[in-house]
Amino acid sequence: MDIFNKLQYYSKIFLSSKAPKYKRDVYNEIDFSQKCVGLKGAKGIGKTTILHQYLNSINEDKLYISLDNPIIGDMRILDIAEMAFKMDIKVLAIDEIHYQKDFANDLKTIYDFFDIKVLFSGSSAIALSNADLSRRAVVYTLPVLSFREFIELKEKINFPKYSLEDILSNHQDLAYEIISKIKPLKYFKEYLSYGAYPFFLESDKNTYFLKLTETINKTIQSDLLYLFNIDSSNIQLLKKLLVSLCQNPPGSLNLTALSKDIGINARTLYNYITALEKGDLIHLLYYNKKGNAIFQKPDKILLNNPNLFQILCDVNIGSQRESFFISQLNKFDIKYSKKGDYIVNDKYIFEIGGPNKSFKQVKDLNNSFVVSDDIEVGFGNRLPLWLFGFLY
């Protein structure tokens with residue numbers, strides 16, 4: 069059996085299995101009519117599931133391959149696409165595309181010369197640096213599960229998503245509507261601990277943490293080392309850096325001290341921080357982001373989502389709350405603020421805290437809000453933290 073026949077064999081096995089029924093909202097946002105569609109996102113976030121769901125929904129001849137399959141070896145996706153085209157395959161789905169370093173050039177050639185639709189998925193760290201390809205491929209970024217999606221998956225209860233403006237102007241009515249169906253604070257504690265990745269459905273909490281640990285390790289040991297040319301001997305330094313960032317409480321970032329603690333120079337530290345951000349393991353926040361800077365020192369660093377605290381360090385509730393808030397507003401422009409905690413879209417100022425958080429930091433500021441954990445319903449400009457989990 070030659071390699072292409074083996075790829076077809078593995079594809080049939082993959083496609084013969086049932087894809088999960090639940091489709092995230094992002095699935096319906098994807099324009100599958102495009103000739104080249106890409107999915108980016110963290111490991112374990114559901115990219116393969118979306119490919120699977122789409123492939124199972126069409127009747128055209130299709131081929132699914134994953135570039136981490138060892139039988140592919142040095143075979144290029146251009147060669148695979150050419151063979152698929154000759155076999156009259158209409159849709160080629162390529163998982164883990166970042167395992168071919170110069171995949172962008174091959175995708176451009178496939179797009180220009182073969183009548184075949186290409187879907188691909190890859191690490192959030194991949195960059196479509198080929199300008200010609202970026203005009204051809206439509207690429208979607210998948211975030212972690214929202215709090216709303218977690219509840220829908222767990223309880224099979226559908227909820228609408230709300231705009232930020234809806235939440236700010238009508239938060240009491242929205243909260244009461246949701247509370248009439250569920251107890252949000254009960255589910256919120258669960259979400260913060262083990263609800264950001266879809267594989268929570270497949271296992272109990274302890275197994276979830278094992279899978280999340282494996283996800284972190286694979287992201288560092290496979291994706292980041294490969295994409296950023298980091299020597300494999302430095303894996304433990306990357307992990308040590310991630311743990312140290314987890315242990316830093318909000319507002320205490322000192323990169324000079326961090327560099328000494330990890331045992332690396334400042335340039336290497338900046339490279340590693342960039343890699344961890346691109347791998348969707350951390351968020352970098354700035355008072356004022358300079359777009360043309362090669363590396364701008366971040367003013368604040370948070371873990372990408374609140375579940376990561378369960379694996380990497382003792383949970384700092386303040387950091388975990390802020391990590392949740394930032395993760396749920398992933399489509400917005402968010403800046404670190406000297407008054408309040410964050411400015412969103414250069415308009416709204418938010419202070420994040422517990423149920424008794426005061427308005428002292430933001431009381432004289434227009435469009436300012438206190439976002440409080442451990443409250444079901446807000447009042448005035450005090451909003452419940454959990455409600456921001458209904459933005460998507």
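Its first residue numbered 69, the sequence shown is counted upward by one per residue in the numbering used here. Quick reminder that beta carbons are idealized off the backbone N, C-alpha and C, glycines included.
For a test of your reading of the model: does the CB of residue i fall under 7 Å from any non-hydrogen atom of the ligand FMN? Yes or no.
i	result
Phe153	Only the bare structure without any ligand can be found here, which leaves the ligand FMN out of the picture.
So, at 7 Å on beta carbons, what are the nonlocal neighbours of residue i in its own chain, with the 5 sequence-adjacent residues on each side left out?
i	result
Arg216	Phe227, Lys229, Gly457 and Phe458
Ile443	Pro423 and Pro452
Leu326	Ser312 and Leu337
Leu213	Gly263, Ala264, Tyr265 and Pro266
Thr116	Asp163 and Ser189
Arg450	Val438 and Ser440
Val94	Tyr208 and Leu210
Just to confirm, is the Cβ distance from residue i to residue j under 8 Å?
i	j	result
Val383	Phe392	no
Asn372	Ile350	yes
Ile157	Lys130	yes
Gln429	Lys399	no
Phe153	Phe182	yes
Gly421	Ser440	yes
Leu242	Tyr265	no
Ile145	Asp174	yes
Phe425	Val445	Note that residue 425 corresponds to Lys in the displayed sequence, not to Phe. No, Cβ-Cβ distance for Lys425 and Val445 is not below 8 Å.
Ile298	Leu292	yes
Glu136	Tyr167	One detail in the question is off: residue 136 reads as Asp in this sequence, not Glu. Yes.
Asp409	Glu419	yes
If I follow the unbroken alpha helix (DSSP H) through residue i, where does it start and stop?
i	result
Asp93	Asp93 to Glu97
Asp409	That residue, Asp409, is in no alpha helix (DSSP H); it is neither H nor E in DSSP.
Thr496	Absent from the model: residue 496. The displayed extent of the chain is 69 to 460, so no value can be given.
Pro252	Pro252 to Tyr262
Phe153	Ile145 to Lys154
Phe218	Phe215 to Glu223
Tyr78	Ile71 to Ser84
Tyr276	Lys273 to Lys286
Ser101	Premise fails: Ser101 is in no alpha helix (DSSP H) and is neither H nor E.
Tyr179	Phe171 to Phe181
Leu309	Ile303 to Gln315
Where does residue i land, buried or exposed, given buried means 16+ other C-beta within 10 angstroms?
i	result
Gly331	exposed
Ile341	buried
Asn375	buried
Gly448	exposed
Phe363	exposed
Gln76	buried
Glu270	exposed
Tyr122	buried
Ala110	buried
Gln388	buried
Ala195	exposed
Start and end of the beta strand (DSSP E) containing residue i?
i	result
Phe418	Tyr416 to Gly421
Ile113	No beta strand (DSSP E) holds Ile113; DSSP gives it neither H nor E.
Thr209	Val206 to Leu210
Val445	Where Val445 is concerned, there is no enclosing beta strand (DSSP E), given that its DSSP letter is neither H nor E.
His166	Premise fails: His166 is in no beta strand (DSSP E) and is neither H nor E.
Lys431	Premise fails: Lys431 is in no beta strand (DSSP E) and is neither H nor E.
Ser189	Lys185 to Ser191
Ile478	The chain is shown only over 69 to 460; residue 478 falls outside these bounds and no answer can be derived.
Suppose the cutoff is 6 Å on Cβ atoms and the five residues either side in sequence are ignored; what does the same chain contact list for residue i look like?
i	result
Asp259	Asp is not the amino acid found at residue 259; the sequence shown has Tyr there. Correct list, in chain order: Phe215 and Phe218.
Leu472	No answer is possible for residue 472: it lies beyond the span of the chain, which begins at 69 and ends at 460.
Tyr255	Ile219
Glu128	Lys158 and Val159
For residue i and chain C, any beta-carbon pair shorter than 8 Å?
i	result
Asp183	Structure shown: chain C not included; a single protein chain is present.
For residue i, which residues of its own chain have a beta-carbon under 8 Å away from its beta-carbon, when the five flanking residues on both sides are left out?
i	result
Leu119	Leu107, Tyr132, Ala161, Asp163, Leu187 and Ser189
Tyr179	Lys103, Cys104, Val186, Leu201, Arg204 and Ala205
Leu397	Leu232, Val412, Phe456 and Leu459
Ile369	Leu313, Asn316, Leu321, Ile341, Ile350, His351, Leu352 and Leu353
| Stretch pair the segment 329 to 345 + the segment 396 to 407: three plus CB contacts closer than 8 Å | Judged by pairs of C-beta atoms under 8 Å, the segment 329 to 345 does not touch the segment 396 to 407, as fewer than three such pairs exist.
| request: Kindly confirm or deny that the segment 94 to 114 and the segment 172 to 188 touch, where touching means at least three C-beta pairs closer than 8 Å. | output: Cβ pair count under 8 Å is three or more, so yes.
| request: Flag this pair as touching only if the segment 338 to 357 and the segment 307 to 318 have three or more C-beta atom pairs under 8 Å; answer yes or no. | output: Segments in contact, yes.
| said: Does the contact criterion of 3 or more C-beta pairs under 8 Å hold for the segment 237 to 252 versus the segment 143 to 150? | reply: With the cut-off at 8 Å, the segment 237 to 252 and the segment 143 to 150 do not touch.
| query | Counting Cβ pairs, one atom from each stretch, are 3 or more of them under 8 Å apart for the segment 75 to 82 and the segment 231 to 239? | reply | Segment contact: the segment 75 to 82 against the segment 231 to 239, fewer than three CB-CB distances shorter than 8 Å; contact not assigned.
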